[in-house]
Amino acid sequence: MSLDKQDHTRLTLWAVDCAEHVLAHFEAARPDDDRPRKALAAGRAWARGEITMSEARTAAFASHAAAREAGQAAARAAARAAGHAAATAHVPSHAQHAAGYAVTAATHAGSIASAPAGKAAVYAVEHTDAGAAERAWQREHLPEHLRTVAFPEKPEKTEKPGKGENGTPRG
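The structure is reproduced here in structure tokens:
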């Protein structure tokens, strides 16, 4: 993917915004670990021209290390979002991963495992809605001309020749 400097900067800042939007899930679980927050600061600093891409990438690696140490799924995904946001300074396609992990963090934050007894069905709906709401927020905050970069279309799955619905050979 080839972007001019201005759009690369916009995409990085958007990825940072996406990760920051869910960072509370990490900070609630690991309040003394500032590596994901530092990764977001590095992404912003790179966008302002204050640090090198290599420095932003180093902060991204630290955020991914924090993710590996996080015990909760929402916290882990939020730290990964921050890592990918900072890494967008290096490779623009990391922005789509930052956004994806932010959706995952939002989704896990409303997980069925945290539902009170007898409320799992209600939490399941909220769980799905949290991810959809996060994705809607992301789309709303991204310049329209960058949407195909951040949300590339996936090729449609096609049925393999000679296979039925359940994967068994036809005929």
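The numbers in the sequence shown follow the UniProt record's numbering, run straight up by one, and end at 171. We treat Cβ as the ideally placed atom computed from N, Cα and C, and that holds for glycine.
Rounded separation between residue i and residue j - CA only
i, j, result
"Glu144", "Phe151", "11 Å"
"Val91", "Thr104", "21 Å"
"residue 172", "Thr12", "The displayed coordinates of the chain run from 1 to 171. Any statement about residue 172 would go beyond what the structure contains."
"Ala35", "Arg80", "Per the sequence presented here, residue 35 reads as Arg, with Ala not at that position. If I take the Cα positions, the gap works out to 11 Å."
"Asp7", "Asp129", "30 Å"
"His97", "Gly49", "23 Å"
"Phe61", "Ile51", "16 Å"
"Gly110", "Arg57", "30 Å"
"Ala39", "Ser2", "23 Å"
"Ala65", "Asp4", "30 Å"
"Asp17", "Arg44", "10 Å"
"Gln72", "Arg135", "21 Å"
"Ala15", "Thr148", "14 Å"
Bounding residues of the alpha helix (DSSP H) (the contiguous stretch that carries residue i)
i, result
"Arg147", "Arg147 to Ala150"
"Ala85", "Ala73 to Ala87"
"Gly100", "His94 to Ala109"
Supposed close pair residue i, residue j - CB separation, criterion 8 Å
i, j, result
"Ala95", "Thr88", "5 Å"
"Ala102", "Ala19", "6 Å"
- At 4 residues or longer, and completely inside the stretch 20 to 60: list those alpha helix (DSSP H) runs for me, N to C. If only uninterrupted alpha helix (DSSP H) runs of at least 4 residues are considered, those enclosed by the stretch 20 to 60 are 24 to 29 and 35 to 47.
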